Amino acid sequence: MRKSLAAMLAASMMATPLMAQQSAMVPDDGDWPLYARDHAGQRFAPLADITPENVDQLQHAWTFRLRPDGGGGILAGTVPVVVDGVMYMPLGDAVVALEAHTGRELWRHAVEGATIRRSVTYWPGDGERAPRLFYSKGNALVAINAANGSLASEFGDGGVMEFEGTAYSYPPSIFRNVLVIGALTPEISEGPSGNSRAFDARTGEKLWEFDVIPQPGQVGHETWHDDGWRNRPGANMWVWYTTADVETGLIFMTLGSPGPNYWGGDRPGANLFGNSVVAVDAETGEYRWHFQTIHHDLWDWDLPAPPVLVDVEVNGETIPALAETGKPGLMYILDRRTGEPVHGVNEMLVAAADVPGEYYHPTQPIPVKPEPLSRMWWDPTDVVTAEDTNAEHAAACRDLLASYGGTFFNSGPFTPFFFHEEGDPPRASINLPHNGGSNWGGSAVDPTTGYIYVNTSESGSIGWIEARDPEGNYGRGTSGSAQPYDRGSLSGPGAYSSFSASFTDENGRNVNLPCIRPPWGRLVAVDGNTGEVAWASKLGTTPELGEDKQDTGSNNTFGGPMVTAGGLVFIGATSDGILRAFDSETGELVWSEQLDYAAMTIPMSYRGADGRQYIAVLATGSAFGPPVLGPDRRPANNEMLITWALPE
631 MRKSLAAMLA ASMMATPLMA QQSAMVPDDG DWPLYARDHA GQRFAPLADI TPENVDQLQH
691 AWTFRLRPDG GGGILAGTVP VVVDGVMYMP LGDAVVALEA HTGRELWRHA VEGATIRRSV
751 TYWPGDGERA PRLFYSKGNA LVAINAANGS LASEFGDGGV MEFEGTAYSY PPSIFRNVLV
811 IGALTPEISE GPSGNSRAFD ARTGEKLWEF DVIPQPGQVG HETWHDDGWR NRPGANMWVW
871 YTTADVETGL IFMTLGSPGP NYWGGDRPGA NLFGNSVVAV DAETGEYRWH FQTIHHDLWD
931 WDLPAPPVLV DVEVNGETIP ALAETGKPGL MYILDRRTGE PVHGVNEMLV AAADVPGEYY
991 HPTQPIPVKP EPLSRMWWDP TDVVTAEDTN AEHAAACRDL LASYGGTFFN SGPFTPFFFH
1051 EEGDPPRASI NLPHNGGSNW GGSAVDPTTG YIYVNTSESG SIGWIEARDP EGNYGRGTSG
1111 SAQPYDRGSL SGPGAYSSFS ASFTDENGRN VNLPCIRPPW GRLVAVDGNT GEVAWASKLG
1171 TTPELGEDKQ DTGSNNTFGG PMVTAGGLVF IGATSDGILR AFDSETGELV WSEQLDYAAM
1231 TIPMSYRGAD GRQYIAVLAT GSAFGPPVLG PDRRPANNEM LITWALPE
């Protein structure tokens, strides 16, 4: 029976403050107020003006150059936020507010002493305080007024709140009145803490700190043997946003691997909370549950993107769930109330190697469903042929394989790397996938169907573990590490050798491509209700191979999908510089546009003040070929926000 207006008004007056806050945390349909649009991280735009039937009518609406002085590239991954027809965006040295349907600049806030990127955090206010934007300067959070870009003087010290501990250079996550930050730690044996911290969005007061390496007496401490927990860096939330459950008040932190990356002999045990999704109370930081995706990580397969939340139907029951993806190319669908797997996870025996002093965890968690989204097995038949690419590339791949003795060791998921002493014949492992799987681009969800969309890349990481050369460069963040062993290969120290080889194309350019057979990139739709793959489509091309062979799929590590109520999945991410739209139900490619730069981020959609639905994405870096040159023959600016809309 329909309630009377008086009854509804009475009910609304009796609503608790928490209920009112929860209502305010649901975005208006036309807004995009958070990095992934909503606290669930769904990247679902509930706008249906643009459909598979009319998407080919999209036209450029307006563009905005982020760095008119040129020299771009640092803002890859940036996603603006849009609230009430105003777009807010970091420019590296400034925050800018734009009219979202025209690109007209409304105000600009200059940033000194830091470079800000990825996004800004929008806080709608609390009734007493006006809406604010937040960004991080590495060791301080800054609050500015959303109306004009001036400092919000009530926050911290005149709008700036310096925080102690490890630096964090990305915008804080927001949940109600709580700001949450992670930490950026070096990848060494001993170093600064990777703890997550939270602050009051109104005042800057510190609210809590979560020990990502469990201390004595805390949950998970028993997984660190031989005092391996002491002074241990890593297991940090390095990505720039978290997701949260509005109903339960839980936030879900995705944590990386403990330091150092490829040798863990001084940290035996499963190493919680490394490589884990950890649910904590947003207001207090109190631990609720965890799920570890890798025990004792030896591959640098830390969790990048936060989980995406979706309700699924299993055997007639609605289960509030989340889906977590990562670099191994596996998807874990968990009950977000408890962390228990929805479609099953088995602890599977995995291989061990022979590195001196190393601890090898005997099992690793492998989902029953979904099936692996990337290849995890390799044998010598999975090497490109001239028919796949060209004769020159295929020969280079065979030569590379021959240089390692004609084969690699591979035992499927979580293949270990063996010890190599100088002067020994090469004995290398190949571990698939290399550098993802799925990386920080993460997943999008259509909550009306339960479909989860994620892009994956394919390649193979090759090499061994060697005695660490004090003069060797073992990668970013590893300088000064006291670990005795680290990754290496025939290419020298470091973990970046992949099973890929180069050839020279007809334009004289050096082209490096994977040596495993295509496809090298896919966009995958998983039905969260069943755990089955609904469809998988190639994502990306290799133009250097010519029209007859370029449909290979390509690396798409740095970007992710966005889905709309109109039935479309938009994604850039690929190095070929093409923005694409797929039919969200079938996976059919229904629209694409070649950009001057690659869209290495997440597209977004919003409704402008003129009533139209807009698609927007940041394109950065030269997508292909030589640098784009400006009128003075210097490299032109290569960071541009591009928007599209249907004709008026």
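Take 631 as the starting number for the sequence shown in our numbering and just add one per residue. Glycine included, each C-beta is placed from N, C-alpha and C at the ideal position. Bear in mind that the values here come from a model prediction, so they are computed numbers and not experimental data.
Other residues of its chain near residue i: CB distance less than 6 Å, five sequence neighbours each side excluded
i       : result
Gly1255 : Its pLDDT being 42, under 50, Gly1255 is placed unreliably in this model, and the coordinates cannot settle the point.
Pro710  : Met717, Met719
Ala727  : Val716, Tyr718, Leu736, Trp737
Continuous beta strand (DSSP E) stretch holding residue i: start and end
i       : result
Leu1271 : 1269-1275
Arg598  : Nothing can be reported for residue 598: it is not among the residues displayed for the chain, which extend from 631 to 1278.
Gly1151 : 1151-1157
Asn1061 : 1059-1061
Asp1076 : 1073-1076
Ile680  : From DSSP, Ile680 is part of no beta strand (DSSP E); its letter is neither H nor E.
Met1192 : 1191-1194
Phe903  : No beta strand (DSSP E) contains Phe903, which DSSP labels as neither H nor E.
Met791  : 790-792
Thr1015 : Run containing Thr1015: none; DSSP gives neither H nor E here.
Coil, strand or helix - residue i by DSSP
i       : result
His1023 : helix
His851  : helix
Ala1164 : strand
Ala1032 : helix
Leu933  : coil
Gln845  : coil
Glu1223 : strand
Ala636  : The predicted position of Ala636 is uncertain, since its pLDDT is 33 and thus under 50; a value taken from the coordinates is nonetheless stated next. Helix at Ala636.
Gln689  : strand
Glu954  : strand
Pro997  : strand
Pro1173 : helix
Gly1279 : There is no way to answer for residue 1279, as the model of the chain reaches only from 631 to 1278.
Phe764  : strand
Tyr1104 : coil
Pro1055 : coil
Arg967  : coil
Ile1092 : strand
Ala730  : coil
Asn630  : As displayed, the chain neither begins before 631 nor continues past 1278, which places residue 630 out of reach and without an answer.
Pairwise C-alpha distance: residue j and residue i
i       : j       : result
Ile924  : Ala983  : 17 Å
Arg1028 : Ile1060 : 15 Å
Leu933  : Leu885  : 6 Å
Pro816  : Gly1107 : 5 Å
Ala675  : Gly1217 : 18 Å
Gly707  : Gly1202 : 11 Å
Ala640  : Val1154 : Residue confidence for Ala640 is low, a pLDDT of 35 falling below 50, so the modelled location carries little weight; the figure read from the coordinates is stated next. Those two C-alpha atoms are separated by around 47 Å.
His926  : Ser1041 : 18 Å
Thr853  : Val790  : 39 Å
Gln994  : Gly879  : 30 Å
Met1270 : Leu979  : 48 Å
Gly757  : Tyr765  : 22 Å
Gly768  : Thr796  : 9 Å
Gly1177 : Trp1150 : The sequence given here has Glu at residue 1177, not Gly. Each residue's Cα considered, the two are about 17 Å apart.
Arg1237 : Tyr800  : 27 Å
Asp668  : Tyr1126 : 35 Å
Trp1094 : Gly1118 : 5 Å
Trp1274 : Arg862  : 47 Å
Asn1142 : Val938  : 33 Å
Val942  : Ala935  : 20 Å
Ser1068 : Arg1152 : 10 Å
Ala616  : Pro1144 : No information on residue 616 is available, as it lies outside the stretch 631 to 1278 that the chain covers here.
Identity of the residue in the options nearest residue i by Cα
i       : options                            : result
Tyr962  : Ala1195, Leu1198, Glu1162, Ala675  : Glu1162
Asn1280 : Pro936, Gly821, Glu913             : For the chain, the structure presents residues 631 to 1278; residue 1280 sits outside this window and is missing.
Arg695  : Ala1275, Gly1251, Pro1277, Glu1278 : Gly1251
Gly894  : Gly715, Phe1047, Met1192, Trp737   : Phe1047
Ala1246 : Ala730, Thr1078, Trp838            : Ala730
Val810  : Tyr871, Ala777, Ala797             : Tyr871
Gly899  : Phe829, Pro992, Gly959             : Pro992
Arg967  : Ala1249, Tyr917, Glu1022, Asn976   : Tyr917
Gln1113 : Gly987, Phe829, Gln1243            : Gly987
Leu837  : Gly1110, Ala828, His851, Arg860    : Ala828
Asp830  : Phe793, Tyr989, Asp857, Arg860     : Phe793
Asn945  : His973, Leu771, Ser906             : His973
Ser1184 : Met1192, Met1230, Trp1165, Val842  : Met1230
Val1014 : Ser783, Arg1147, Val842            : Arg1147
Cut-off 7 Å between Cβ atoms - residues of its own chain near residue i, not counting five sequence neighbours on either side
i      : result
Phe840 : Asn825, Ser826, Val910, Gly915
Neighbourhood of residue i by C-beta, 8 Å cutoff - its chain only, sequence neighbours within 5 removed
i       : result
Glu1278 : Asp1240, Arg1242
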